[in-house]
């Protein structure tokens, strides 16, 4: 073998290795993005084992109804490259453990507490790809597919009337925290009932009707509206609610699996909707027990997430675990049964990611826990938090800058570890535009990185980009966090964006959204204000 041939062989072998590494890395990213395996630990740098990788690949192959090999073969990579919904197919280890026993259709958990729903599409939010008449027809037909199988009705309303479901064709950055990525990749996203039900379509796509070219609006809209009504993904490949977009189907209809799922949530046409189980989305408002706080009052002493990502809400001597469907079955429980030595009637609670500790505050003392174990030497006096007053209302990490804040009455304090409250504080709570200026009950940065303010029976979601409360807030804490079935419809406008990540129809290479290079001048004043105020 001459030198040139030898070098060519080496280069070819090296290139094959690089391609194999790229394929493996892309596959791992896909499996982590969609819940089939956990990301590596940032603290330990732990790598995934070959067994874990094979198990995750096999689980994806089974879910996608392709040959189960446990390898990233061509069929598997081709399936991963298909446009699809960005919501994970598996939600953590419990979901992965249930994967092979799951129902064909899947219920997200939340449902609409009424049958007659309204939708809106403003004149400014149409796509130029189609005439308004074609868009209206496709949207109406998409809703009609679901209406024909349920007691639900869908009626269009025009601004300024507040709709239940807002629809729009949106640019890359459109203010909901989930920017699109230009042509290809992400096609659309929608939000579950618990989070507002809105549906957004990527204006960068070529939207079409009755043709195999472009992206079919009817089929994508019908899929997204399934999420708007509370359906998650089905593992039946022919179902509308399967996670993968299959392209134009001239004779498109709902699959029997889609029908079974939606009727499980709302019942059959012209039939009474069954009362959902408390752990299946909506918690019936119970008769108050004199010894236990009313679950559906919506009032909180404190709320926090913990290291494992669970959400706990506290009131009196009790606490609840909350998830995307509302209250977890089996709650409330006594605080003292889980966190020994911790009193009731707390002032505030906060999980601090930097040291993985859980802090509770009451009066002139605070408690620090590692998981549910009280750390040695606690409780300690609040005076150790240099400058932070006793009996605070809330303690939270603001997602805008990662700093620790406390509130008490109509003031807030910014805290720096090691030095105490920053100079120039406290300041008026009214600086936080839209938050109740006279004080709040509790504040929490949730798992989506957003900051939520709670007071009385309502909550407000804060937008770090506009530095103000999002439109449509406050909302009912009982309805949207505890999943309680309310006796009356809320009178406040609906939220336009959710707490949780939306359903994004996207391809394997769109894990990182494209950030626009043009910054709108109107945002500069907001950024300057944030720098001056914080």
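Numbering (mature numbering (1 follows the signal peptide of the UniProt record, and there is no 0)), first residue to last: -20 to -1, 1 to 514. The beta carbon of each residue, even a glycine, is placed where N, CA and C say it ideally should be.
Nearest CA to the CA of residue i: which residue from the options?
i, options, result
"residue 411", "106, 422, 394 and 401", "394"
"residue 184", "392, 195 and 190", "195"
"residue 342", "425, 421, 308 and 221", "421"
"residue 127", "209, 101 and 459", "209"
"residue 173", "309, 93, 381 and 288", "93"
"residue 449", "418, 441 and 240", "441"
"residue 446", "439, 425, 414 and 244", "414"
"residue 273", "45, 296 and 283", "296"
"residue 283", "347, 326, 247 and 463", "326"
"residue 287", "201, 100, 316 and 351", "351"
"residue 402", "390, 386 and 417", "386"
"residue 277", "458, 18 and 37", "458"
"residue 225", "188, 398, 63 and 114", "63"
If you count every other CB in all the chains shown that lies within 10 Å of the CB of residue i, and 16 or more means buried, which is it?
i, result
"residue 54", "exposed"
"residue 176", "buried"
"residue 443", "buried"
"residue 199", "buried"
"residue 212", "buried"
"residue 110", "buried"
"residue 334", "exposed"
"residue 357", "exposed"
"residue 314", "exposed"
"residue 266", "The predicted model places residue 266 with a pLDDT of 46, which falls under 50 and marks its position as unreliable; any figure quoted below should be read in that light. With fewer than 16 Cβ atoms within 10 Å of its Cβ, residue 266 is classed as exposed."
"residue 56", "buried"
"residue 7", "buried"
"residue 130", "buried"
"residue 229", "exposed"
"residue 163", "exposed"
The beta strand (DSSP E) that contains residue i, what's its start and end?
i, result
"residue 126", "Not the beta strand (DSSP E): residue 126 falls in the alpha helix (DSSP H), residues 112 to 127."
"residue 287", "Residue 287 -> no beta strand (DSSP E), and no H or E assigned at all."
"residue 301", "298 to 303"
"residue 345", "345 to 350"
"residue 396", "391 to 396"
Just the C-alpha distance for residue i and residue j, rounded to the nearest angstrom, thanks.
i, j, result
"residue 96", "residue 134", "6 Å"
"residue 437", "residue 460", "11 Å"
"residue 361", "residue 383", "22 Å"
"residue 367", "residue 328", "17 Å"
"residue 293", "residue 203", "33 Å"
"residue 214", "residue 392", "46 Å"
"residue 107", "residue 363", "58 Å"
"residue 291", "residue 160", "29 Å"
"residue 139", "residue 117", "19 Å"
"residue 430", "residue 234", "36 Å"
"residue 324", "residue 300", "13 Å"
"residue 150", "residue 181", "6 Å"
"residue 60", "residue 349", "42 Å"
"residue 169", "residue 119", "15 Å"
"residue 389", "residue 281", "14 Å"
Against chain B, with Cβ distances strictly below 8 Å, would residue i count as a contact?
i, result
"residue 374", "Any reference to chain B falls outside this structure, which holds one protein chain only."
Hey, quick one: how far does the alpha helix (DSSP H) through residue i stretch, first residue to last?
i, result
"residue 133", "Taken as a continuous stretch (DSSP letters only), residue 133 belongs to no alpha helix (DSSP H), being part of the beta strand (DSSP E) at 133 to 136."
"residue 236", "236 to 246"
"residue 315", "315 to 318"
"residue 209", "197 to 209"
Legend entry - Segments assigned beta strand (DSSP E), at least 3 residues, entirely inside the stretch 403 to 446: 422 to 425, 431 to 435 and 438 to 443
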